[in-house]
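Everything below concerns the one structure shown next.
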Amino acid sequence: MRWALVKVCLAVTTMVVVAFAVPLGLVIKEMARDRAFSNAERQAAAVAPALSITTDRDQLERVVASAGSDSGMAVHIPASAGRRGVDIGRQRSAADDIATVRRLGRASTSEVPGGSTLLQPVALSSGEIAVVEVYVPESEVSNGVATAWAVLAGVGIALVVGSVAVADRLGVRMVQPAQKLVEGAHELGEGKLGSRVPEEGPTELRLAAVAFNSMADQVVQLLANERELAADLSHRLRTPLTVLRLNAASLGEGPAAEQTRAAVAQLEREVDTIIRTAREAKPQTAAAGPGAGCDAAEVVRERMGFWSALAEDEGRKWRVAGTERPVRIPVARADLVAALDALLGNVFRHTPEGTAFAVDVHNGEDAVIMLVSDAGPGIRDPEAAMARGRGSGSTGSTGLGLDIVRRLAEATGGDVRIGSSVLGGTEVRIWIQLNGREPVRRGHRVRRRRTRGLVSTFNRSRSLP
């Protein structure tokens, strides 16, 4: 593209220069010729008054000498009755040309060796026609023409070179963004997902770069979502694995029991491997659309019914509060089930048997708060636990459970906090915003603090049986 643009600009500029320089050069040549013959006409006109007065040779020679160079001017006076013809100066024109000018009475030019001659007729007092011959050498006719043509040629070459340079710069400006776009496409095709193209250059290439970067971002996001989906699905296997592990622990001793426990442990390790492999991409959680969501109270009752069987087997006391009336939240049922299973699974996984736990739901004006509390040893570093890929520090933990909960809350504009519960252990508070994903304003923060106080009173008023 770059050289094509240079060639086109070179051809166009050359045609323009030729179209203007050639006629201008011819005009300059013609002007130089006109200037030379105008000088010759002035010299001839200087002799004409003397010829109209006298035909004396000596006087005419002095007039010719004073009018110009006597070597370049000649006077031809025809013979008449009682007078011989007079020829002053060197004759260069043919006799026939002189006779023709005398007969016609009009000035004329003729070509002679080394230049041209101007033949100017002059009427004598006797009524006859004398001819003044002025020699115009070729050097005078072409005087300044070569210099003018050289200047025109220099200007033309400068225009061509300048246009080529400008075309080359424009070509570079167009080619470089295109080359970067090609390199970015190759890098993206080779798996370098961080490859992006500078959004510069002409409008079309800049729009192409914007489209490429948007496409690359979408590809990265799609891959991240796929990996995150694999991690989420793998994490959801933790719930049945926990059931299998607890059931396997109650099988007693024997080869079959040992094989079952070994298989469950192997399966847990494989699930952990899948989660760790897929957790690198940052997930994308979309907000629920209008009318979407579920009844949080119904979901909590259903999941606590599931986990209550395991709690009875391990001797855990549990409590549910705030599920007497429907609580609509803008969260898909499957996502809420996954989040509750992740938190309750962590309780069973990371607290000793017999540890009590509770799930409380509070429906506020602009938010729903869900509290999952336990009476276990607590979490030493809540901030590290919330960090993606780090869990509570226990062996085999990926930390993805809390990340699933965090993404669910942030998808509605809420958040997740970890603190100490009234039961003495860990409390995970899920704040689910009801009015969309807009950032919480100062007034909302005040309302949130008031709601937090209501929740604390709500929890203390419901002690475990």
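In the numbering used here, the protein residues as written are 1 to 465. Note that beta-carbon positions come from the ideal geometry of N, C-alpha and C, so glycine has one too.
- About 18 Å separates the beta carbons of A367 and I418, which is beyond the 8 Å limit, so they are not a contact pair.
- Pairing R303 with R429, the inter-Cα distance amounts to about 17 Å.
- Taking C-beta atoms under 8 Å as the contact rule, L10 and V164 qualify, at a distance of about 6 Å.
- Considering only P198, A74 and G414, the residue with the shortest C-alpha distance to A178 is P198.
- Beta bridge pairing from DSSP links A65 with no other residue.
- 8 Å or more divides the Cβ of L124 from the Cβ of V134.
- By the Cβ rule, the region 142-162 counts as touching the region 27-42, because three or more pairs are nearer than 8 Å.
- Taking 4 residues as the minimum length, the alpha helix (DSSP H) runs contained wholly in the region 17-99 are 57-67, in order along the chain.
- When Cβ pairs closer than 8 Å are counted between the two stretches, the region 322-338 is seen not to touch the region 351-358, the count staying below three.
- Counting only runs of at least 4 residues, the region 399-429 fully encloses the following alpha helix (DSSP H) elements, listed from N- to C-terminal order: 400-410.
- Burial check for P330: the Cβ neighbour count within 10 Å reaches 16 or more, so the residue is buried.
- Contact annotation: the region 127-145 touches the region 92-109, with at least three C-beta pairs closer than 8 Å.
- Annotation: the continuous beta strand (DSSP E) that includes D360 extends over F357 to N363.
- By the 16-neighbour rule on beta-carbons within 10 angstroms, A338 is buried.
- The DSSP-derived three-state label of L251 is coil.
- Between the region 55-64 and the region 75-95, the count of C-beta pairs closer than 8 Å reaches three or more; the two stretches touch.
- Taking one beta carbon from each stretch, the region 204-220 and the region 307-318 have fewer than 3 pairs nearer than 8 Å; the two do not touch.
- With contacts defined as CB atoms closer than 8 Å, G171 and L5 qualify as a contacting pair.
- Contact between the region 134-145 and the region 105-116 is present, with at least three C-beta pairs closer than 8 Å.
- Using a Cβ distance threshold of 8 Å, S373 and L423 count as a contacting pair.
- For secondary structure counted as the beta strand (DSSP E) over 3 or more consecutive residues, the region 282-348 holds these complete runs in sequence order: 318-321.
- For the pair I88 and A48, the Cα-to-Cα distance works out to about 14 Å.
- By the C-beta density criterion, A375 is buried, having at least 16 other C-beta atoms within 10 angstroms.
- Inter-residue distance for Q120 and S108 is about 7 Å (C-alpha atoms, whole angstroms).
- For the pair A248 and T260, the CB atoms are nearer than the 8 Å cut-off.
- Secondary structure of G115 (DSSP, three-state): strand.
- Proximity to L193 across E183, T13, T426 and V220 peaks at V220, based on C-alpha coordinates.
- Boundaries of the beta strand (DSSP E) around A367: A367 to D374.
- I129 is bridged by DSSP to A123.
- Relative to N363, the option among D56, R406, R328 and N225 whose CA is nearest is R328.
- With a contact defined as Cβ atoms closer than 8 Å, R169 and G201 miss out at about 13 Å.
- Residue burial is scored here from C-beta neighbours: R236 has at least 16 other C-beta atoms within 10 angstroms and is therefore classed as buried.
- CA-to-CA, the gap between V359 and E183 works out to about 54 Å.
- When secondary structure is reduced to three states using DSSP, I157 falls in the helix class.
- With distances taken between CA atoms, V416 lies nearest to L371 out of G425, V347, L371 and D381.
- In the displayed model, S163 falls within a helix according to three-state DSSP.
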